[in-house]
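Everything on this sheet refers to the single structure shown next.
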Amino acid sequence: MKQSGSDGAKTLTSSKHGREEGVPHHRGDVHIFGQRFKLRRDYYAGGLIILFGMVAALNGPSYRTGTLMHMGPGFMPTVLGVILIFLGIAIAGAAVAGPDDADESILPEHPQWFGWLCILAGPFLFIVFGSIAGMAPATFACVFVSALGDRGATWKGALVLAGFVTVFGVALFHYLLQIPMPVLEWRLSW
Amino acid sequence: MVETAFTDLWYGFGVALEPHNLMWCFLGVLIGNMVGVLPGMGPLATISILLPLTFGIKPVGAILMLAGVFYGAQYGGAICSILLNLPCHPPHAVTCLDGFPMTKQGRGGVALGITVISSFVGASWGITEMMFLAPVLVQVALQFGPAEICTLMLLGLLAGSTLAKGSPIKGVAMTVLGLLFGIVGSDLETGAERFSFGFPQLSDGIELVALALGLFGIAEFMNSINQASPVNAKYSNIKFRDMRPSKADLKQAFFPMLRGTIVGSLCALIPGTGPTIASFVAYAAEKKISKTPDRFGFGAIEGVAAPEASTHSSVQGDFIPTMSLGIPGDAVMALLLGALMIQGIVPGPQLIKEHPDIFWGLIASFWIGNILLVLLNVPLIGIWVKLLTIPYRYLYPSALFFVCIGVYAANNDMFQVGETLVVGILGYTLLRLGFQPAPILLGFVLGPRFEENFRRAMLISRGDLRVFIERPICAFFLALCVLLITAQIYFRMRGSKRNNPVLAVG
Chain A
43 MKQSGSDGAK TLTSSKHGRE EGVPHHRGDV HIFGQRFKLR RDYYAGGLII
93 LFGMVAALNG PSYRTGTLMH MGPGFMPTVL GVILIFLGIA IAGAAVAGPD
143 DADESILPEH PQWFGWLCIL AGPFLFIVFG SIAGMAPATF ACVFVSALGD
193 RGATWKGALV LAGFVTVFGV ALFHYLLQIP MPVLEWRLSW
Chain B
46 MVETAFTDLW YGFGVALEPH NLMWCFLGVL IGNMVGVLPG MGPLATISIL
96 LPLTFGIKPV GAILMLAGVF YGAQYGGAIC SILLNLPCHP PHAVTCLDGF
146 PMTKQGRGGV ALGITVISSF VGASWGITEM MFLAPVLVQV ALQFGPAEIC
196 TLMLLGLLAG STLAKGSPIK GVAMTVLGLL FGIVGSDLET GAERFSFGFP
246 QLSDGIELVA LALGLFGIAE FMNSINQASP VNAKYSNIKF RDMRPSKADL
296 KQAFFPMLRG TIVGSLCALI PGTGPTIASF VAYAAEKKIS KTPDRFGFGA
346 IEGVAAPEAS THSSVQGDFI PTMSLGIPGD AVMALLLGAL MIQGIVPGPQ
396 LIKEHPDIFW GLIASFWIGN ILLVLLNVPL IGIWVKLLTI PYRYLYPSAL
446 FFVCIGVYAA NNDMFQVGET LVVGILGYTL LRLGFQPAPI LLGFVLGPRF
496 EENFRRAMLI SRGDLRVFIE RPICAFFLAL CVLLITAQIY FRMRGSKRNN
546 PVLAVG
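Chains as they are written, first to last, in our numbering: chain A, 43 to 232; chain B, 46 to 551.
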């Protein structure tokens, strides 16, 4: 089973082969992909923190900083943003000076693009169906799609699980706990 | 003082034994025990899901139940570690080292029995500690002005972010990020909207439940999907009668249990060193003083008793700073504090005085809950063991649904489910970059109070920052902060030459 772990579409098809063989993903390409990022993970980590800091520090002053005695709403965000920028620089700087760490790749050893997609699709579909069609379809779609992400999942198994959770969920949350969300409706206006 | 403590405790039992409160407590420990057993579900995610559902019930019942989930999960987590060798709950990772070899030797039942006993001993000590120590702390804390509270929070945040797992500097970065997340929404004093980026739904701030479930729900599922090795249930056929330890076992486990308890209660007092660190330290200490250290790792009963007692004593002790000072030590405590604030209760030293029903009711419910847990775990062990075999592929899709409906139920707002999704992606990215997301929650919960107190302190001192050095208590806390950071740097420098003994155990 030779495939690139960095390619979402390929993983999607090949993960089905993986299921049948029951073998974890091949190391080769994935490992090389990981190696390219070696010793660079903390650069990205620091960069992300600096980015957050910039957003805060640049937007902060527009909310009026005020003086130390009469602080405006912008004071705290600006200060925190500046601190974050320094922390980000420190994180990236420590990576330059620091020793090699075994765990340096950004992606895990066997990236699960299909699984991640399914997990993220679950709540997304819950939002979509919950807004236009009610609790039952939303629950079904959420559980069904996210269940497909597992290596050992089958269509039938996912359907049964989704059906079971839908019945249980609607009974518990709609009838017992009375969460205000219609079970079934059709509403195209948001 | 002892006398008042007992009168108050008596009053607390009155509160906790009210039928509906008793029911919430029972429900909490039951759910906690269940998610503790289920591999791949944590108390954090569970408490976040349950949080919106507690909005409708009274604050006392809500907090009894949510706390019950936390300590109940600790009982369940041990079962998972001992029988399956799965360290699915960090505090119990050490228990695997000797618990699983015992299981392989056919003594898994005894290991579980010892675990239940040690847990109860540890928890009892933790609760007693809370009964006597919390009121004393409150006496001191009531003298604090805004400047003192500010520095105390700073100390709590620093300890919480640097002493926990992972790189200290990354931990601090996560805390600051959490503080920033706490700022989103309308400013408390002026009403100015900050970082809402044009979304009117963000003007009330980021929803606590959405943040917690994004970080500890969705990001966790992404982290563990298709990673779990198939569950090996070969050894998990445990019956009630297997659990009784022999006299020799009890004798061997007795002192380790006591030592573990003491380690745990000490760790609980330092913010940031929660149950996980307590259990590692207890195991390392036990191995060090043992006359036969080479038995450890091959089924030594001390290696089960000490860390378990330590975990539980620290779990109960964790509530002390949270309830008496309003400073949470870890993410779970931050979440519980958030639950109190949603119910309209201001955490801090005045809590015990203004809401004695919550504080003493909680302590009484700890006793009741721990007894219930022993009762649940001993005769019903067969059921819990059965739960172990539920595969992850059924668990996480169902859990995702609970996450969605839980967030929706918080405000009946689909936008917040979207918030959870975004936070989940961010959380997973942070995890992959080597950050631990727990301090975000700490910063998020303390953020608004920190800002408020800082502003007030500055207003009183007329913008003079020297107030933090001139007031003795402030100076003391600040000195502790400096000491903490210096110690971290010192150990880091030394640790790069020699391996940290605590980490080497894992």
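Idealized CB from N, CA, C, for every residue including glycine.
Just so you know, these numbers come straight off a predicted model, no measurement behind them.
Residues bridged to residue i (per DSSP)
{"i": "MET113/A", "result": "GLY108/A"}
{"i": "GLY39/B", "result": "Missing from the structure shown is residue 39/B; chain B here goes from 46 to 551 and no further."}
{"i": "GLY230/B", "result": "ARG239/B"}
Own chain, CB closer than 6 Å to residue i, minus 5 neighbours either side, in chain order
{"i": "ALA255/B", "result": "VAL452, GLN461, GLU464, THR465"}
{"i": "PRO136/B", "result": "PRO320, THR321, SER324, THR356"}
{"i": "MET288/B", "result": "GLY154, LEU157, GLY158"}
{"i": "ILE221/A", "result": "PHE215"}
{"i": "GLY73/B", "result": "MET110, GLY113, VAL114"}
{"i": "PRO338/B", "result": "LYS332"}
{"i": "GLY114/A", "result": "ARG106, THR107, GLY108"}
{"i": "ALA183/A", "result": "LEU167, PHE171"}
{"i": "ASP53/B", "result": "TRP405"}
{"i": "ARG78/A", "result": "Annotation note: pLDDT 42 at ARG78/A (below 50); position unreliable, coordinate value reported separately. Correct list: empty, nothing qualifies."}
Contacts around residue i, its chain only, beta-carbon distance under 7 Å, and the 5 residues preceding and following it disregarded
{"i": "VAL308/B", "result": "ALA323, VAL326, ALA327, ALA330, SER355"}
{"i": "PHE71/B", "result": "LEU417"}
{"i": "PHE513/B", "result": "ALA192, THR196, CYS519, LEU523"}
{"i": "PRO493/B", "result": "GLY227, LEU233"}
{"i": "TYR86/A", "result": "ILE148"}
{"i": "LEU529/B", "result": "LEU203, ALA204, THR207"}
{"i": "ASP294/B", "result": "VAL155, ILE159, ILE346"}
{"i": "THR306/B", "result": "VAL166, GLY167, TRP170, ALA354, SER355, SER358"}
{"i": "ASN130/B", "result": "CYS141, PHE145"}
{"i": "LEU83/B", "result": "LEU432, ILE435, LEU440"}
Cut-off 8 Å between Cβ atoms - residues of its own chain near residue i, not counting five sequence neighbours on either side
{"i": "CYS526/B", "result": "THR196, LEU199, LEU200, LEU203"}
{"i": "SER248/B", "result": "GLY230, SER231, GLU238, SER241"}
{"i": "ARG69/A", "result": "At ARG69/A the pLDDT is 40, less than 50, meaning the model places this residue with poor confidence and gives no usable figure here."}
{"i": "ARG152/B", "result": "GLY344"}
{"i": "GLY427/B", "result": "ILE283, LYS284, PHE285"}
{"i": "ILE505/B", "result": "GLY190, PRO191, ALA192, VAL512"}
Notebook entry, point to check: Listed in chain order, which residues of the region 485-502 of chain B have Cβ atoms closer than 9 Å to some Cβ of chain A?
Noted result: In summary, the residues of the region 485-502 of chain B whose CB is separated from some CB of chain A by less than 9 Å are GLY492, PHE495, GLU496, PHE499, ARG500, in the order they occur in the chain.
Checklist line | At least three beta-carbon pairs within less than 8 Å, the region 362-377 of chain B to the region 477-487 of chain B | finding: Yes, the region 362-377 of chain B touches the region 477-487 of chain B.
Checklist line | Where the region 90-111 of chain A meets chain B: residues whose CB sits under 9 Å from a CB there | finding: Look at the region 90-111 of chain A: the residues with a C-beta under 9 Å from a C-beta of chain B are LEU90, ILE91, PHE94, GLY95, VAL97, ALA98, ASN101, GLY102, TYR105, ARG106, THR109, LEU110, MET111.
Next item on the list: Take every Cβ of the region 431-447 of chain B, pair it with every Cβ of the region 192-201 of chain A, and state whether three or more of those distances are shorter than 8 Å.
Entry: In this structure the region 431-447 of chain B touches the region 192-201 of chain A; the number of beta carbon pairs closer than 8 Å is three or more.
Next item on the list: Please name the residues in the region 224-240 of chain B whose beta-carbon is closer than 8 Å to at least one beta-carbon of chain A, in chain order.
Entry: For chain A, the residues of the region 224-240 of chain B that bring a beta carbon within less than 8 Å of one of its beta carbons are LEU224, LEU225, ILE228, ASP232, GLU234, THR235, ALA237, ARG239, PHE240, in chain order.
Check: Using 8 Å as the Cβ pair cut-off and three pairs as the minimum, do the region 142-157 of chain B and the region 98-115 of chain B touch?
Finding: No, the region 142-157 of chain B does not touch the region 98-115 of chain B.
Notebook entry, point to check: Would you say the region 72-79 of chain B touches the region 338-352 of chain B, given that touching needs at least three Cβ pairs under 8 Å?
Noted result: The region 72-79 of chain B vs the region 338-352 of chain B: no contact.
Notebook entry, point to check: Mind listing which residues of the region 178-199 of chain A have their C-beta closer than 7 Å to chain B's C-betas, in chain order?
Noted result: Listed by position along the chain: THR181, CYS184, VAL185, SER188, ALA189, GLY191, ASP192, ARG193, GLY194, ALA195.
Note to self: Please give the ranges of any alpha helix (DSSP H) in the region 191-219 of chain A, keeping only runs that are unbroken, at least 4 residues long and fully inside the region.
What the structure shows: Within the region 191-219 of chain A, the complete alpha helix (DSSP H) runs of at least 4 residues are 197-211.
Margin query: Using 8 Å as the cut-off, can you tell me whether the region 487-505 of chain B makes contact with the region 189-199 of chain B, which would need three or more C-beta pairs spanning the two stretches below that distance?
Written below: The region 487-505 of chain B vs the region 189-199 of chain B: in contact.
Margin query: Restricting to runs no shorter than 3 residues, where is the beta strand (DSSP E) found entirely within the region 314-397 of chain B?
Written below: You should have found no qualifying run.
Checklist line | alpha helix (DSSP H) runs contained entirely in the region 467-525 of chain B, provided each spans 4 or more residues | finding: Counting whole runs of 4 or more residues, the region 467-525 of chain B contains the alpha helix (DSSP H) stretches 483-505, 512-515.
Notebook entry, point to check: Given 8 Å as the limit, is there contact between the region 159-174 of chain B and the region 466-473 of chain B, that is, 3 or more CB pairs closer than that?
Noted result: Too few Cβ pairs lie closer than 8 Å, so no.
Checklist line | Cβ contact check for the region 97-116 of chain A and the region 150-166 of chain A: 3 or more pairs under 8 Å | finding: These segments do not touch.
Next item on the list: Please name the residues in the region 203-230 of chain A whose beta-carbon is closer than 8 Å to at least one beta-carbon of chain B, in chain order.
Entry: Result list: LEU203, ALA204, VAL207, GLY211, PHE215, LEU219, ILE221, PRO222, MET223.
Margin query: Does the region 182-195 of chain A come into contact with the region 265-274 of chain B, if we say contact requires no fewer than three beta-carbon pairs (one atom in each stretch) closer than 8 Å?
Written below: By the Cβ test, the region 182-195 of chain A is in contact with the region 265-274 of chain B, since at least three Cβ pairs between them sit closer than 8 Å.
Notebook entry, point to check: Using a beta-carbon distance cut-off of less than 8 Å, what residues from the region 108-135 of chain B approach chain A?
Noted result: Cβ contacts with chain A come from no residue of the region 108-135 of chain B.
Margin query: Three or more C-beta pairs under 8 Å: does that hold for the region 382-394 of chain B against the region 361-373 of chain B?
Written below: Segments in contact, yes.
Next item on the list: Can you give me, in chain order, the residues of the region 351-373 of chain B that have a beta carbon less than 8 Å from any beta carbon in chain A?
Entry: The region 351-373 of chain B vs chain A, Cβ under 8 Å: nothing.
Notebook entry, point to check: Taking one C-beta from the region 207-216 of chain B and one from the region 47-58 of chain B each time, how about it: are there three or more such pairs within less than 8 Å?
Noted result: Cβ pair count under 8 Å is below three, so no.
Next item on the list: Taking a Cβ distance cut-off of 8 Å, strictly less, list which residues of the region 313-339 of chain B are near chain A, in chain order.
Entry: Result list empty, no residue passes.
Margin query: Output needed in chain order: residues of the region 166-178 of chain A with a Cβ under 7 Å from some Cβ in chain B.
Written below: Correct list: PHE166, PHE168, ILE169, GLY172, SER173.
Check: Which residues, in order along the region 422-446 of chain B, keep a beta-carbon less than 8 Å from a beta-carbon of chain A?
Finding: Hits within the stretch, in order: PRO436, TYR437, ARG438, TYR439, TYR441, PRO442, SER443, LEU445, PHE446.
Next item on the list: Pick out the complete alpha helix (DSSP H) segments inside the region 116-171 of chain A, 4 residues or longer, and give them in chain order.
Entry: For the region 116-171 of chain A, the continuous alpha helix (DSSP H) assignments of 4+ residues that do not extend past its boundaries occur at 117-139, in sequence order.
Item checked: Residues, ordered as in the chain, of the region 115-134 of chain A that lie near chain B by beta-carbon distance below 9 Å -> Taking a C-beta cut-off of 9 Å against chain B, the contacting residues of the region 115-134 of chain A are PRO115, GLY116, PHE117, MET118, PRO119, LEU122, GLY123, ILE125, LEU126, LEU129, GLY130, ALA132, ILE133, listed in chain order.
Notebook entry, point to check: Using a Cβ cut-off of 7 Å, which residues of the region 201-227 of chain B contact any Cβ in chain E, in chain order?
Noted result: Looking at the structure shown, chain E is missing, and the protein chains on hand are A and B.
Notebook entry, point to check: For the region 451-472 of chain B, which residues have a beta carbon sitting closer than 8 Å to at least one beta carbon of chain A?
Noted result: Going along the region 451-472 of chain B in chain order, one finds TYR453, ALA454, ASN457, MET459, VAL462, GLY463, THR465, LEU466, GLY469, ILE470 with a Cβ nearer than 8 Å to chain A.
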